[in-house]
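**Q** Numbering (my numbering), first residue to last: 30 to 105. The structure's right below; bear with me while I get my questions together.
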Amino acid sequence: MVLAYIMVRADAGKEREVVQKVKSLPEVKDAHIIYGEWDAIIKVEVKDVEAITAFVIDKLRKMDIVKLTSTMIVAE
């Protein structure tokens, strides 16, 4: 399994909506609104790196309220 944290920048005022939507996805283990440069952090666990790519491109970035993402894959 591959664990990753994805930082999300959302449309203004849509932070809660992003977190609520992603929490219903099977890949998402946890999601929170955060303060700072990013609006939310999502913890994702999938079978391989290709599945992370598919999650980010096919699910997360297709949400109209998501403006930008940055993915960090856990090394150990």
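All C-beta atoms in this analysis are idealised placements derived from N, C-alpha and C, irrespective of residue type, glycine included.
Could you tell me the alpha carbon to alpha carbon distance between Phe84 and Glu56, rounded to whole angstroms?
**A** The C-alpha of Phe84 lies about 8 Å from the C-alpha of Glu56.
**Q** Val78: buried (16+ other C-beta within 10 angstroms of its C-beta) or exposed?
**A** exposed
**Q** Go to Lys52, then tell me how far its alpha helix (DSSP H) extends in each direction, as first and last residue.
**A** DSSP places Lys52 in the uninterrupted alpha helix (DSSP H) bounded by Glu44 to Lys52.
**Q** Alpha carbons only, please: which of Met30, Gly42, Ala41 and Glu46 is nearest the one belonging to Leu89?
**A** Glu46
**Q** If you draw a straight line from the C-alpha of Val95 to the C-alpha of Ser53, how long is it?
**A** 16 Å
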